[in-house]
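Protein chains: 2
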Amino acid sequence: MGATQGRRPPVMADVAKEAGVSHQTVSRVLNEHPNVRSETRARVMEAIDKLGYRRNLVARALVTKHSRTLGVVSFDTTLYGPASTVYGIEQAARGAGYFVSIVSLKSIDKIGVSDALDYLADQGVDGIVVVAPQRSAAQALGELPFGVPTVAVEGGEAGDVSVVCVDQVRGGRMATEHLLSLGHETVWHIRGPSDWLEAEGRVAGWRAALEQAGRPAPEPLAGDWSPRSGYEAGRSLASMKDVTAVFVANDQMALGVLRAFTEQGVKVPDQVSVVGFDDIPESEFFSPPLTTIRQDFGAVGRHSIEVLLRQIEGQGSHERERLVVPPSLVSRASTARR
Amino acid sequence: MGATQGRRPPVMADVAKEAGVSHQTVSRVLNEHPNVRSETRARVMEAIDKLGYRRNLVARALVTKHSRTLGVVSFDTTLYGPASTVYGIEQAARGAGYFVSIVSLKSIDKIGVSDALDYLADQGVDGIVVVAPQRSAAQALGELPFGVPTVAVEGGEAGDVSVVCVDQVRGGRMATEHLLSLGHETVWHIRGPSDWLEAEGRVAGWRAALEQAGRPAPEPLAGDWSPRSGYEAGRSLASMKDVTAVFVANDQMALGVLRAFTEQGVKVPDQVSVVGFDDIPESEFFSPPLTTIRQDFGAVGRHSIEVLLRQIEGQGSHERERLVVPPSLVSRASTARR
DNA sequence: AGCGGATATGTTAGCGTTAACATTCGGAGT
DNA sequence: ACTCCGAATGTTAACGCTAACATATCCGCT
Numbered sequence: 459m460g461a462t463q464g465r466r467p468p469v470m471a472d473v474a475k476e477a478g479v480s481h482q483t484v485s486r487v488l489n490e491h492p493n494v495r496s497e498t499r500a501r502v503m504e505a506i507d508k509l510g511y512r513r514n515l516v517a518r519a520l521v522t523k524h525s526r527t528l529g530v531v532s533f534d535t536t537l538y539g540p541a542s543t544v545y546g547i548e549q550a551a552r553g554a555g556y557f558v559s560i561v562s563l564k565s566i567d568k569i570g571v572s573d574a575l576d577y578l579a580d581q582g583v584d585g586i587v588v589v590a591p592q593r594s595a596a597q598a599l600g601e602l603p604f605g606v607p608t609v610a611v612e613g614g615e616a617g618d619v620s621v622v623c624v625d626q627v628r629g630g631r632m633a634t635e636h637l638l639s640l641g642h643e644t645v646w647h648i649r650g651p652s653d654w655l656e657a658e659g660r661v662a663g664w665r666a667a668l669e670q671a672g673r674p675a676p677e678p679l680a681g682d683w684s685p686r687s688g689y690e691a692g693r694s695l696a697s698m699k700d701v702t703a704v705f706v707a708n709d710q711m712a713l714g715v716l717r718a719f720t721e722q723g724v725k726v727p728d729q730v731s732v733v734g735f736d737d738i739p740e741s742e743f744f745s746p747p748l749t750t751i752r753q754d755f756g757a758v759g760r761h762s763i764e765v766l767l768r769q770i771e772g773q774g775s776h777e778r779e780r781l782v783v784p785p786s787l788v789s790r791a792s793t794a795r796r
Numbered sequence: 459m460g461a462t463q464g465r466r467p468p469v470m471a472d473v474a475k476e477a478g479v480s481h482q483t484v485s486r487v488l489n490e491h492p493n494v495r496s497e498t499r500a501r502v503m504e505a506i507d508k509l510g511y512r513r514n515l516v517a518r519a520l521v522t523k524h525s526r527t528l529g530v531v532s533f534d535t536t537l538y539g540p541a542s543t544v545y546g547i548e549q550a551a552r553g554a555g556y557f558v559s560i561v562s563l564k565s566i567d568k569i570g571v572s573d574a575l576d577y578l579a580d581q582g583v584d585g586i587v588v589v590a591p592q593r594s595a596a597q598a599l600g601e602l603p604f605g606v607p608t609v610a611v612e613g614g615e616a617g618d619v620s621v622v623c624v625d626q627v628r629g630g631r632m633a634t635e636h637l638l639s640l641g642h643e644t645v646w647h648i649r650g651p652s653d654w655l656e657a658e659g660r661v662a663g664w665r666a667a668l669e670q671a672g673r674p675a676p677e678p679l680a681g682d683w684s685p686r687s688g689y690e691a692g693r694s695l696a697s698m699k700d701v702t703a704v705f706v707a708n709d710q711m712a713l714g715v716l717r718a719f720t721e722q723g724v725k726v727p728d729q730v731s732v733v734g735f736d737d738i739p740e741s742e743f744f745s746p747p748l749t750t751i752r753q754d755f756g757a758v759g760r761h762s763i764e765v766l767l768r769q770i771e772g773q774g775s776h777e778r779e780r781l782v783v784p785p786s787l788v789s790r791a792s793t794a795r796r
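Chains as they are written, first to last, in this note's numbering: chain C, 459 to 796; chain R, 459 to 796.
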């Protein structure tokens, strides 16, 4: 007995005593303050090692008012797109020395997003990235809590915040132009849900490409991103005679389309060419391997963190940025010359 | 001038003054302490509303020593399995009033996991879930930081921690028995990487089922979970005459196998039956739709949080638990009677 | 009236860190 | 030798909250 060396983890004062300095000097060593004699520094480091001291980041956050934690709000991180984006965000954030706190929403309505933002703001995050691919989510960004810097990913013209997104319109255009360049008369489209900004963008690009080429735009078929909805749209398409090219708004639905065509004896790409969107890892091994538009989710994640950190660190400047990542065409065997 | 009503967010003392009570009473209201007159409570609530007060969780964490944050360490959350598990964890944690801080590792080596654990421990998390599907990751759980409660998901016989996992052996057995019951003489296997516990378990189940039926076990083919590796293994298999049934260790590789068989003119399920593992959303729309073993990732996530919270809240009890989630067979069109 | 014991509130003292200011010390400059 | 300055260190006071203890206040009971 005697010494109060309980199981309590050591604090700065313990290290200070061990090293024979004041706790403030320990703090200086930890924060790499220049004005510390290197001999003192060594002594402190030794004491830290000996005691197994770890600085208490909570106490630090209380006084500095920076938690070095970023919040991420996303929708269904089970899907490849959101999962990849969040992954990119997390990697970039950690690289910059920030923790990442995640909130995955089940349904992404305005209330859900607002709640999530409040929740994160309460926790004291230094900034927030909202992966807001739906219009309703983007709208929720209007009322942000208490000046927490925020960036929207895929957020369209979201409220008053910076946005990082993939150029969906351009992607839709690329897919369509690729098919037209192969000699197809026109291109059908299976679109995503109407409240998704990405779906809108892809439709717009598709329509623009057709218009520019002076081709008629058939009525787009509605899907919900799921393979099943693609399958159902595919069955409709299979029964029509004049369909030779289809641009499907994502790879999962394209898989459903391929399945439907296979069942109906429609040969891809001999009779119909198909282009998807996303380039999920499976696409290369569909039957046939799918031509698709690749989105660089990793880049989106990285950029969103860059923009956010710029906003956090450069306190004053309130200019909202808008960063657009270009998609790219990955040509495989599901498309052929007419 | 005069009043110091700057842009500074209000603190408890401000609310207290506004309501004409002490800050402690405000604290009691916030923490739903019973001994507060309902009239006082109302007055405090009103003041909170009026000032737009939000309690500072960092300060709270400093004094209570509980951050109400859980850490999650995972490997490549881009993959469907990990992504789904993490999603389940996050939902369950938030439901229980905890924040979730995520660290996604690129390569899951022992050092990576150790670093991640340190990192989270520094941040002051109340508990940690490690999604440790690789042996090397599970080993890193041996040296845990400073008594932070920890649960391993898919962690095998991980060090000294509780484990929640899917019964991989049983899954492998189910897949194999299903094929044998359809009249196949034996079942080939395309396995996952050897340092993955899940891969091992599935191999073991497959082997056990064959042994029990007194059938010869062919040498398993090696894969790395990717569709490409499945494709390559599939090409080998396609060139052999006596292959009529294949159990593939995950759905992505199974997709590659189907692709290879299609290319080689091998009909599934007429000539060869194929069973996968995971039941990813795409499997139902492969050509043909894939028979597979479903893992309930959501349940795994939920259970891991339950176990972890039990460990956090019931401080004393150190019994490590082991919770096994059963898989289930999803029968589709890629398997047929011999 | 007086007392015990809930019930409601206030006061004080930290939690472990950094910021701000105070102090000491060793030289360079005159 | 003396001043002055900057480098190195120490001391004190927050940060915003909860825990623990202290102080009313009210009620029923003898």
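All C-beta atoms in this analysis are idealised placements derived from N, C-alpha and C, irrespective of residue type, glycine included.
What you are looking at is a predicted structure, and each value in this text was computed from that prediction instead of being measured.
Within chain C, the residues whose beta carbon sits less than 7 Å from that of residue 685(R) are 739, 740, 742 and 743, listed in sequence order. DSSP places residue 590(C) outside any alpha helix (DSSP H), giving it a letter other than H or E. The DSSP assignment places 515 to 522 and 538 to 553 as complete runs of the alpha helix (DSSP H) inside the segment 514 to 557 of chain R, in order along the chain (cut-off: 4 residues).
Residue 736(C) is bridged by DSSP to 752(C). In the three-state reduction of the DSSP assignment, residue 679(R) falls in the strand class, which pools E and B.
By the neighbour-count definition (other C-beta atoms within 10 Å, threshold 16), residue 491(C) is an exposed residue. Looking at the DSSP output, residue 783(C) sits in a beta bridge with 624(C). Under the three-state reduction of DSSP, residue 772(C) is assigned to coil, being neither helix nor strand. Within the model, the alpha-carbon separation for residue 503(R) versus residue 487(R) is close to 8 Å. Measuring C-alpha to C-alpha distances from residue 506(C) to each of 526(C), 476(C) and 531(C) identifies 476(C) as the nearest. Each of 791(R), 739(R) and 733(R) was checked against the Cα of residue 754(R), and the nearest Cα belongs to 739(R). As the crow flies, the alpha-carbon of residue 635(R) is around 6 Å from that of residue 667(R). At a cut-off of 9 Å between beta carbons, residue 793(R) makes no contact with chain C. In the three-state reduction of the DSSP assignment, residue 498(R) falls in the helix class, which pools H, G and I. Inclusion of residue 674(R) and residue 702(R) in the CB contact set at 9 Å is not warranted, their separation being larger than that value. Chain C has no Cβ within less than 9 Å of the Cβ of residue 760(R). Fewer than three pairs of CB atoms, one per stretch, sit closer than 8 Å, so the segment 723 to 732 of chain C makes no contact with the segment 548 to 562 of chain C. For residue 794(C), the three-state secondary structure derived from DSSP is coil.
Under the Cβ distance rule, residue 710(R) counts among the residues neighbouring chain C, one pair being separated by less than 9 Å.
Taking C-beta atoms under 8 Å as the contact rule, residue 548(C) and residue 560(R) qualify, at a distance of about 6 Å. In terms of CA proximity to residue 691(R), 650(R) leads the group 543(R), 742(R) and 650(R). In this structure, DSSP gives residue 647(R) an extended state, which the three-state scheme calls strand.
By the CB criterion at 9 Å, residue 599(R) and residue 585(R) fall outside the cutoff.
Taking 9 Å as the CB threshold, residue 557(R) lines the interface with chain C.
As the crow flies, the alpha-carbon of residue 689(R) is around 17 Å from that of residue 750(R). Residue 582(C) is a Cβ neighbour of residue 515(R), given a cutoff of 9 Å. Under the Cβ criterion of 9 Å, residue 585(C) is not counted among the residues facing chain R. Contact of residue 747(R) with chain C is assigned, a C-beta pair being separated by under 9 Å. The beta carbon of residue 570(R) is closer than 7 Å to those of 563 in its chain, skipping five residues each way along the sequence. For residue 544(R), at least one C-beta of chain C is nearer than 9 Å to its own C-beta. For residue 704(R), the uninterrupted beta strand (DSSP E) run begins and ends at 703 to 706, by DSSP.
Using beta-carbon distances, residue 637(R) does not count as an interface residue toward chain C, since no partner is under 9 Å.
Chain R places no beta carbon closer than 9 Å to that of residue 493(C), leaving this residue out of the contacts. The CB of residue 717(R) comes closer than 7 Å to the CB of 743 and 745 in chain C, given here in chain order. A straight line joining the alpha-carbon of residue 539(R) with that of residue 495(C) spans about 51 Å.
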